[in-house]
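Chains as they are written, first to last, in the working numbering: chain S, 745 to 1016; chain D, 18 to 778.
Encoded as structure tokens, the structure appears first; notes follow it.
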Ligand SMILES: Cc1cc2nc3c(=O)[nH]c(=O)nc-3n(C[C@H](O)[C@H](O)[C@H](O)COP(=O)(O)OP(=O)(O)OC[C@H]3O[C@@H](n4cnc5c(N)ncnc54)[C@H](O)[C@@H]3O)c2cc1C
């Protein structure tokens, strides 16, 4: 319950953060809301030598509008994402999902960037990003790069970020359609046992899967006009058959698979 | 819930405070400054202590090496079993089994204390703990109590059997046209008080003062004094604000005796504040009972026979948990008049955290068993569950009623409490809604669960101390041997004393939890406080008024019968037109060197038996198994109610814990004895968001056992709520032929039950 000792710095710029991370020789860690990292440190599962608090770096905590996308700064709290009019108007699924993460205290501290970079398969927001075909903006000592969300998650709690890189923003296309989010959980503050996010834009159905494999996941289905619900369910079932959800005290892998179908079918009929 | 809180006028209100929702005197400081827990106390030059705990459930302990830890920065000392020169603990439940203060030859559960490190800061000490080397050889653990009962492997060499306590059954035969048999498990729970354990041991020359978060300071003093051979006059135990206990802080744990031991050895004030992770595995656990029931009855609904056999999981050492079946036994037949009743039990050791008393302590297990069994019986004979209960309740005219297991229920009216809760919930309408959903083939079935409970409070009547003394300014000093750890005793007892003396509660100084100030005391557990300490303070207040009357009569040279006493103006004695208030009496008495003080060691003649009826309404998502508690109704009777707001607070908290056992909580071990729920991320501790608004009514059937007419209200909510919620879920799923699902009713457990039922259909 008490972490091993560590240093703590609050850089004012990305460049400063990069150089601290480089000097730490892989032992440093970016600190965002701390809601995943600090518990791991308290259990001494993580022992970073230095925490690089990125909350004071300009520009990471706001939502901006561009021609065909909005960009959410990585340090935006879940609460900010949930309440932001820009997000609600342009990517309502993401705002809707952000509002269902943990409880109010967690939503005010936890960030969208932290939620993604942690790489937890149970991240609700990652599911929403799959469903909305988000693009991640990553900065490093050698400049910026962009990456589709589906290329970001490499393995359990493992992402494509280099140790010296920082996720700075998430780009969401301004495409409106219908969406829904079904989350099965034990207590109201618990992580999802399983959750399914849907985002239907024109004839594409974006699907985000939460806690159904070693990483957050998703895919999209193209909806030919003739396709009915039963056929969609059939398609989903085929895909679900290949999933390898975790087994833990909240649910066995098998239960999670079955629930994925139940939630998918409910999400389909609950599209708003 | 509306609270008709009463503000006190300056001086004294004419009407009685008792019975009103007088606002808690405790709260202003809690809200403004905050409570003062053991961890908040400030001391100069204090050393910090951490424990190194067993990482495995069962092993031969070969060596514990603290030398590397000793050389870490800030470390003052480190100890393993061989450095501890006090004999191991034995307890009254099983004298053959000894519990060492630190594991010596065996590791018996994950979380058992193995070594102690003392240092300059808590952080440094925690770091140094990683340098204690424990060498051990794994042995096969026994986690399942049924397996332990087979005695294939003895967990203690000193003891040929793992069964450390047992209660034999009597002559019994099933009777009735229909016999149902079932097995129910009452899963293991972690008590999770908000404040975990904490101890400060302060050294002043010969004098040792121990600050401890505990429910029974006087018995903590006895334990510490006995094990450390400290003379009573050199030992003082103080419990500052205590942030909850739920039974888990009744006893004194080995760790809590070690802190003063080490402080004395180092001649330095030491503090140990348990972390939550530590608390989850080493504070005693609750429940852990398997019940096998056989209930026989006739098709007309009459229950003829009931037999309850219990296997109690004690964990690694026999603590108070081993004795829980004795409490379960008292309540075997619940609210029912059954001619043929039997109980038997065994308490067995396992390689898990020892079990202790936990809110309800043995009675929730009894109520759960019979209330589940009655529902299964009702379903079997096709009779409404409420009707079966009404057919079998003990007739209110039969009290005091002696049950077949020998408990004497003081008074009750089970029929009325059930009828009231049915009305409160609008039972008929709920039944109609339930049918409607079935017809509509809804994915969200409605379930209605009833439970009628009776329980025992102040189960072990013991003397309790209370005193009231007149102090300068006409104020009163009230002292009591019970120990409020959240219940609001200061408010309740001040109300009682104020009603007798007329002194405004704001002029009453209240003391508890200090063995130096309070001559004796038993503490707070088993919902005993108002019917012991409360009555003692009432009697002391009565005596104080009598002493004062006598003093006034002597002072004014009149016969005591001529002295009148009224509650007006903060309490006033008068003879003709001459008036004396408490303040004047104090001054007059002081001039004559007289102290006006009354104390009472009150021993009540018998326990009391609160009762009530709870009704839960759930919605079960049959596609996922997720249960949503829609509504909770409760009618509870704990005799006269001193303060409805305080009583409801107790009921609400109790309901929450009872519901939570039904739906969320379970302390789980894997087959190797590794805890899987050792953090709040995994353990299903509920939040406020899990509960609907509670609809409750207080019924008041005064007990003849004590002059306040009060029973205990601390545990009732927990006892009635659990079976009502499980009964509701089973009720919703009865269309699939489901008769029972073990707790917690997690989505997957419920889903699996539905799947199995559908398959076998
Ligand atoms: C009780 C509880 C319940 C929760 N319930 C849910 C839930 O229901 N659904 C859900 O989705 N989440 C839930 N969470 C998690 C919550 O959403 C966290 O906010 C999130 O997992 C991590 O975000 P953070 O900002 O706290 O990140 P941190 O804990 O600060 O960081 C997490 C990891 O990401 C890295 N990191 C953070 N930001 C960046 C960045 N910009 N660039 C590079 N690396 C970075 C850190 O180095 C660290 O490794 C819960 C958390 C708690 C404590």
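Cβ atoms here follow ideal geometry from the backbone N, Cα and C, with glycine treated the same way.
Asked, Found
"Can you tell me the Cβ-Cβ gap for residue 1004 (chain S) and residue 956 (chain S), rounded? I've got them flagged as a contact below 8 Å.", "6 Å"
"DSSP three-state label for residue 649 (chain D), please.", "strand"
"Which same chain residues, not among the five before or five after residue 22 (chain D), have their C-beta less than 6 Å away from its C-beta?", "Its pLDDT being 40, under 50, residue 22 (chain D) is placed unreliably by the model, and the measurement read from it follows with that caveat. 38 and 40, listed in sequence order."
"Can we count residue 1093 (chain S) as close to ligand 1, meaning its CB is less than 7 Å from some heavy atom?", "Residue numbering for chain S in the displayed model covers 745 to 1016; residue 1093 (chain S) lies beyond these limits and cannot be assessed."
"Return the CA-CA distance between residue 748 (chain S) and residue 83 (chain D), expressed in angstroms with no decimal places.", "19 Å"
"Since I believe residue 322 (chain D) is in contact with residue 191 (chain D) (beta carbons under 8 Å), could you give me their beta-carbon distance rounded to a whole number of angstroms?", "5 Å"
"Which value, in whole angstroms, describes the spacing of the CA atoms of residue 648 (chain D) and residue 444 (chain D)?", "12 Å"
"Who are residue 363 (chain D)'s beta bridge partners in DSSP?", "D:183 and D:328"
"Taking the runs of the alpha helix (DSSP H) that are 4 residues or longer, which of them lie wholly in the region 379–419 of chain D?", "380–398 and 402–409"
"With respect to 7 Å, is the separation between the Cβ of residue 778 (chain S) and the closest non-hydrogen atom of ligand 1 below this value?", "yes"
"Against residue 1029 (chain S), what residues of chain D qualify as contacts under a CB-to-CB distance less than 9 Å, listed in chain order?", "Here chain S has residues from 745 to 1016 only, and residue 1029 (chain S) is not among them."
"Looking at the strands, I want to know which residues DSSP matches up with residue 208 (chain D).", "None, per the DSSP bridge assignment."
"Which whole-angstrom value describes the C-beta separation of residue 733 (chain D) and residue 427 (chain D), a residue pair presumed to lie in contact below a C-beta threshold of 8 Å?", "Going by Cβ atoms, the distance from residue 733 (chain D) to residue 427 (chain D) rounds to 15 Å, so no, they are not a contact pair."
"Throw me the rounded Cβ distance for the residue 741 (chain D) and residue 673 (chain D) pair, which I believe falls under 8 Å.", "The pair is not a contact, with the Cβ atoms about 13 Å apart (cut-off 8 Å)."
"If you draw a straight line from the alpha carbon of residue 489 (chain D) to that of residue 718 (chain D), how long is it in whole angstroms?", "39 Å"
"Return the first residue and the last residue of the alpha helix (DSSP H) that residue 234 (chain D) is part of.", "234–245"
"Considering only the beta carbon of each residue, do residue 851 (chain S) and residue 821 (chain S) sit closer than 8 Å?", "yes"
"State the DSSP-derived secondary structure class of residue 168 (chain D), mapped to helix, strand or coil.", "coil"
"State yes or no: is the C-beta of residue 774 (chain S) nearer than 7 Å to some heavy atom of ligand 1?", "yes"
"So for residue 831 (chain S), helix, strand or coil by DSSP?", "helix"
"Across which residues does DSSP place residue 289 (chain D) in a beta bridge pair?", "D:216"
"Just list the residues that DSSP pairs residue 493 (chain D) with in beta bridges.", "D:487 and D:525"
"Quickly, what does DSSP pair residue 654 (chain D) with across the bridge? List them, please.", "D:628 and D:716"
"With H, G and I counted as helix, E and B as strand and the rest as coil, what does DSSP make of residue 112 (chain D)?", "strand"
"So, are the CB atoms of residue 775 (chain S) and residue 857 (chain S) less than 8 Å apart?", "no"
"Give a yes or no on whether the minimum CB-CB distance between residue 933 (chain S) and chain D is below 8 Å.", "yes"
"Near residue 143 (chain D), which residues of its chain fall below 6 Å by C-beta distance, leaving aside the five closest residues on each side in sequence?", "67"
"Does the Cβ of residue 822 (chain S) lie closer than 7 Å to at least one heavy atom of ligand 1?", "yes"
"Is residue 255 (chain D) near ligand 1, judged by its Cβ being under 7 Å from some heavy atom?", "no"
"For the region 130–147 of chain D, which residues have a CB atom closer than 7 Å to at least one CB atom of chain S, in sequence order?", "139, 140, 143 and 144"
"Does the region 764–772 of chain D come close enough to the region 402–420 of chain D that 3 or more CB-CB pairs lie under 8 Å?", "no"
"Cutting at 7 Å between CB atoms, please list the residues of its own chain near residue 904 (chain S), excluding the five before and the five after it.", "891, 895, 896 and 898"
"Let's test the definition: count the other Cβ atoms within 10 Å of the Cβ of residue 995 (chain S) and tell me whether it reaches 16, buried, or not, exposed.", "buried"
"Got a sec: is the Cβ-Cβ distance from residue 995 (chain S) to anything in chain D below 8 Å?", "yes"
"Any chance the CB of residue 846 (chain S) is under 7 Å from a heavy atom of ligand 1?", "yes"
"For the region 900–911 of chain S, which residues have a beta carbon sitting closer than 8 Å to at least one beta carbon of chain D?", "none"
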